[in-house]
Every structure is written in structure tokens, then in C-alpha cells.
Ligand SMILES: [Zn+2]
């Protein structure tokens, strides 16, 4: 039985309604650390090794290489062409990845920066839709497959539709007759039918996601918005997902999972302290070493993205970390069917990984009042728990070749609406 549950330590925020039925686990090697020899990397070696291994031209950005290879250079928007030509690969073959890695280096403790400064982050076309951290032959490398980024984009857009749907539901809940739930249920059903169309598209595309030969520029999925102002917001949240992924791989390096385990004391101490204070140490017991490494990397990445290593984070960063971590891990679970814990796998199931996210969020926010917009990280967490539950139901229905059960989707959404009352009881007024 999988329970995708938020705010697990708070009795006032009951999430047991968000339950899914049992699934078969399929092992995978996503978001993994490739073991390498214990060598010291420097940035020059890391960069050289990256381009040589992937047989990519070091004088081109990933995007020029990608469009050239597909014979579609004419699709690069004119406003980007000269900027791409002038750009030099220093820390990455992609401007946005370089920006992400540099921002992360700026926010980690100074004593971790010597190691992080020697890492190269590359976007690649070959391999599977995942991200990896590896150190071989004196090279510290983080790589992310382009297909994984495209999957994240699709997922972010479906989440945006879900957010719209919940907003409409809340509006209806406030305007309908409080004595009767019937009209609300009927309206909710209509809206969720609309929502299920986007899930159908995700299931349709999932077959192609795993096929790396189909990574081609120029396609625009139907679920993507055509609203330019919304597109900008969504592009920002997509980059938050990538930030979590890069931070996860960076954390494998910082924690010594990729090379010698010596000299990683400070990062390990930060993880151990967070595990104790968030009452999460039990999540790492009874699982294999590789799964422990993954949860540690998730935890450290969450803290880095939330800017929570040495201080209590602002809600703005916390929202980014909760969203980026959940969507990045959820999209991989959906791609691979990696929902439930399986003792022999190299990676924990999504249920365990999301439990860790929930406990960290609870630890960092439950004693704090809502923000100026009446938002709260536990409210966002509930929303993502509901979204994750529907994602799982969509996956499960597709595997069983049945329709997505609208009744279950409605129950999850109505559960989410009722959460706001429970949340108010759980957090301080001001
Ligand atoms: Zn990993």
C-alpha cells in the first residue's frame, strides 16, 4: 500500500485519505552516483573529460549542438543566436545550467566551495532520461539528460492546470450553498474530467519519454500554455526543478558518495543534524547503503535550495525547494514506475523520498505563521501531496488499461479543500 502523505507528524493535518493501491516496483538507475576512483578533480580536467566522453564540440553550447544535430538550426530564435555564439563554456555547456551551478556555489558554506568550484555541469543527449554525478579520471562532473528536462517541462505544465483547477474549486466552495455539497461535487466532477485530459496526454507521452532517439526539437505538447506571462512563470519553476536536481548531484559530491568518503565531515554533519531535528532518522534505517546515499543527497539538496544550511529559510526559498524536489522526484517516479519502497533497489521509492520532504518542511515551518499572502509551506505541501496522488492514480490506471477513476480524483481534491481548516489549527496565528 502506498500512502503519499504530507505533514506526517501533525495530527491536526490528517492526510490518510490520500492513499493509493499497491504497485509493482521496477528498479532503475535514475538520479544516481557513478562510483569512481578517489582522485582530485579540477575544473579544466572535468570540462575536458566531459566533452571528450560525450563527443560534443567544446566550442558550442548544448543548444547549438542539439539543433545542429537535428538539422534544425533555423528554429533557434534570432534573439538568442548571437548570444549563444559569444558564450564560452566554463562551468557548463549550457548557460542556464552554468547560472544554476554558480548560484548554488554562492549559497553553500565557504568551506564546501573548493570542491564545488571544480565541478562541471553538462547537458547531454545520450544515455537515459536522468541525472548523474560521476568522478572518473580526475573529473568532477554533473550531467543531466535533455529528455529529463523536457519531461519536467511537461510535468510543470500539468501541475499548472491542476493549480487552476484547485483555484476554481476553492472559488466554487466559497460561493456555493454551505448546506449542500451536491452542486460542488457536480462542478468538481466537470472540472476533473477536464483535468484528466492532461493526464491522458502525459500517459500518452510517457512511452516516448523513455526513448532517447525521440528527443527532437520543434514539438509543442498540447498541455503547454500559450499564455506568454504564464509561460515565463512556468519557465522559472522549471528551473527550480533543475536547481534541485543539480543540487542533488552536487550533494553526492559534497557527501563523498562519488569518491573518497574522507574530508566530507561538514556536509555529513549538516545532514545528520537535519535528520535528528526533523525526526527523520528512522527513514534511513533498514534500507541499503545506496538508498541511504540517495536520501542524504535529497536532504542536503533540499536544504541548499531552501537556503537552510545555517539559518531558518525564508518562505520564498522554502516554496522553491518543496516544489522543485517534489516535481523532480515525482516525474522520475512516473517515468519509471518507482513509487513504492523496494529493498533491493539502488533508489528509494517516491513514497519514502516524499516523506522526507514532508518531514523537513514540517520541521522548518510548522511553528511559523502564514506569509503576507496567507500562504504557508504546509499548504503547498498538501497541494503537492494531492497532485502526487493523482499522478500515481493516472499511472496506475494506464498500467491497468482502465480509465482514470474520477471519483478518486474528486475525493483527493475535496480532501485538499478540507486541509485549509486543519492547517489553520496546526500553525500559529501570527
Ligand atoms: Zn542520487
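Numbering (our numbering), first residue to last: 64 to 493.
All C-beta atoms, glycine included, are put in the ideal place defined by N, C-alpha and C.
- Pairing residue 408 with residue 355, the inter-Cα distance amounts to about 11 Å.
- For the set 310, 177, 292 and 235, the Cα lying nearest the Cα of residue 366 is the one of 310.
- A direct Cα-to-Cα measurement between residue 451 and residue 393 gives close to 7 Å.
- In the DSSP assignment, residue 419 falls within the alpha helix (DSSP H) that extends over 413-428.
- Just measuring C-alpha positions, the residue of 337, 115, 466 and 474 sitting nearest residue 421 is 337.
- Per the C-alpha coordinates, the member of 308, 410, 265 and 472 positioned closest to residue 385 is 308.
- Straight-line measurement puts the Cα of residue 438 at about 30 Å from the Cα of residue 160.
- Residue 253 and residue 381 have their C-alpha atoms roughly 33 Å apart.
- Counting the other CB atoms within 10 Å of its CB gives residue 430 a total below 16, which places it among the exposed residues.
- Between ligand 1 and the CB of residue 357, the shortest heavy atom gap is smaller than 8 Å.
- Less than 9 Å divides the Cβ of residue 255 from the Cβ of residue 473.
- A residue is called buried once 16 or more other Cβ atoms fall within 10 Å of its Cβ, and residue 193 is buried on that count.
- For the pair residue 153 and residue 106, the CB atoms are nearer than the 9 Å cut-off.
- For residue 206, the uninterrupted beta strand (DSSP E) segment begins and ends at 203-208.
- With 16 or more other Cβ atoms from the protein chains shown falling within 10 Å of its own Cβ, residue 383 counts as buried.
- 9 Å or more divides the Cβ of residue 138 from the Cβ of residue 125.
- The C-alpha of residue 296 is placed about 18 Å away from the C-alpha of residue 378.
- One thing to note: residue 330 has its Cβ within 9 Å of the Cβ of residue 319.
- Residue state for residue 262 is assigned as helix, using DSSP reduced to three classes.
- The closest CA to that of residue 267, considering only 250, 248, 457 and 306, is found on 457.
- In the three-state reduction of the DSSP assignment, residue 212 falls in the helix class, which pools H, G and I.
- For residue 442 and residue 158, the gap between their C-alpha atoms comes out near 34 Å.
- Residue 314 places its beta carbon 9 Å or farther from that of residue 427.
- Shown here for residue 423: same chain residues with a beta carbon closer than 6 Å to its own, the five before and five after excluded, namely 341 and 365 in chain order.
- Of the residues assessed, residue 455 falls on the buried side of the cut-off, its CB having 16 or more other CB atoms within 10 angstroms.
- Residue 306 and residue 368 do touch by the CB rule: their CB atoms are close to 6 Å apart, below 8 Å.
- At a Cβ-Cβ threshold of 9 Å, residue 205 and residue 184 count as neighbours.
- In the pairwise beta carbon analysis, the region 473-484 is classified as touching the region 222-232: at least three pairs are separated by under 8 Å.
- Between residue 399 and residue 416, the alpha-carbon positions lie close to 15 Å from each other.
- Going by DSSP, residue 185 is part of the beta strand (DSSP E) stretching over 182-187.
- Per DSSP, reduced to three states, the secondary structure at residue 195 is strand.
- The secondary-structure analysis by DSSP pairs residue 155 across a beta bridge with 184.
- Here residue 468 carries a coil assignment [DSSP, helix/strand/coil].
- In the DSSP assignment, residue 290 falls outside any alpha helix (DSSP H), carrying neither H nor E.
- At a Cβ-Cβ threshold of 9 Å, residue 127 and residue 216 do not count as neighbours.
- Distance from the CA atom of residue 211 to the CA atom of residue 444, rounded to whole angstroms, is 23 Å.
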